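Residue numbers (my numbering): 340 to 573.
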């Protein structure tokens, strides 16, 4: 069963709701086909069907007797209300999971901002430092507004999952970059290298970030490290 809304409308609504609700999926909980449903999925679909039927029945009973059209309209309204409410109850855990991912992105963003402030206080060519800060800020903005919607689905969960993974990688990489700059004898050379890294084309940068592994930090160095570098991914 297709969703209730055209693709463009569903994608626009999903973006409007900050990708917490995937409007392209509304109605698809009742989809049929060769998919083998789990017990939980069957229960969810049963709840939606039962609530839709109960809503129609209650709407019919609320209609004034003797008005056929009125009864039909009340039944339709009741079934719609039952359908929406049951859908909402079923997807609340998914909405909460997306909300948690959005909070993780916000935490990473705050850590990145603190790191950029630390970098701004380092010695070195001011133009190169400013260029690095501008570039990383642009990457963060692009990542936080990343949208994986396509012609079929709004992909709300995939969007937030990708945002979270990239934001945490950006935070980890920038933390390592700050450590290199802080300990470098020639900060300008390191700044040149970092500006080249962060200025890569988006897909190449995402590939490099996903491949990045946080280097091990000795206990002595960790004690001397600014608090902003102690962020850990949730």
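C-beta atoms are modelled at their ideal positions from N, C-alpha and C, and glycine is treated no differently. Computed from a prediction, not measured in an experiment: that's the story for all the values here.
Apart from sequence neighbours up to five positions away, the residues of its chain that approach residue 497 with a beta-carbon distance below 6 Å are 487, ordered along the chain. When Cβ pairs closer than 8 Å are counted between the two stretches, the stretch 455-475 is seen not to touch the stretch 497-507, the count staying below three. By the neighbour-count criterion, in which 16 or more other beta carbons inside 10 Å mark a residue as buried, residue 550 falls on the exposed side. By the beta-carbon neighbour count (other beta carbons within 10 angstroms, threshold 16), residue 357 is exposed.
By the 16-neighbour rule on beta-carbons within 10 angstroms, residue 431 is exposed. The C-alpha of residue 451 is placed about 20 Å away from the C-alpha of residue 542. Around the beta-carbon of residue 502, 16 or more other beta-carbon atoms lie within 10 Å, marking it buried. One thing to note: residue 467 has its Cβ within 8 Å of the Cβ of residue 527. Excluding sequence positions up to five before and after residue 459, its CB lies within less than 7 Å of the CB of 468, 472, all in the same chain and listed in chain order. In the structure shown, residue 432 falls within a helical segment according to DSSP collapsed to helix, strand and coil. Taking all protein chains shown into account, residue 465 has fewer than 16 neighbouring C-beta atoms within 10 Å of its C-beta and is therefore exposed.
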